[in-house]
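> Just so you know, we're using this note's numbering here: the sequence shown kicks off at 5 and counts up by one.
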Amino acid sequence: MNRRLSSKRFRLLRTIRRKIQKGLIHIQASSNNTIITVSDFEGQVVSWDSAGTSRFKGPKKPTPYAAQTATRNAIYMLVKQGMKKAAIKINGAGPGRAAALKSVVHSGVKLSFIRDVTPLPHNGCRPPKRRRV
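1) Quickly, what does DSSP pair H30 with across the bridge? List them, please.
2) Along the chain, where does the beta strand (DSSP E) containing I118 start, and where does it finish?
3) For D120, which residues of its own chain have a beta-carbon under 7 angstroms away from its beta-carbon, when the five flanking residues on both sides are left out?
4) Do A55 and T67 come within 9 angstroms of each other at the CB atom, strictly closer than that value?
5) Straight-line CA distance for D53 to Q72?
6) Beta strand (DSSP E) containing S58: first to last residue?
7) For a test of the three-state rule: what should DSSP assign to V137, helix, strand or coil?
8) Using CA coordinates, which residue listed in L28, L115, S111, K114 is at the minimum distance from V42?
9) Nearest to I40 by alpha carbon, out of M81, P132, V137?
10) Do S51 and Q85 have their beta-carbon atoms positioned less than 9 angstroms apart in this structure?
And the structure:
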């Protein structure tokens, strides 16, 4: 089977076709990948995408361009389902964080709020040692 056809078929299988007006966009930006999940306000996932599923592998995965492409794909699916308004929750401090946020802002979806939900320790666990390169 052709790789493109199987990829399109996979994408159609993992999205639910329904009309929703308002939603919640979760952006999880880690140092290795950027994952975008779109859900309604009840918590039901409507669409999701990541830099890895957007065919970026290895060292290209944590780049801002990969995050921008993944966000564009996820937003395209939700706009196709009729979403007009959204709220954003951002988690993590990876390299794709700003690019993903900028891609959502320029997509044309009206935003009600942008909230940073990155957990910050109140001097809890000791962090891992610094890398020496």
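Cβ coordinates follow ideal geometry from the N, Cα and C atoms, glycine included.
Looking at the coordinates:
1) T41, K93.
2) 114-120
3) I94
4) yes
5) Computed Cα separation, rounded: 11 angstroms.
6) Unbroken run through S58: none, as it is neither H nor E.
7) coil
8) L28
9) It is M81 whose Cα lies nearest to the Cα of I40.
10) yes
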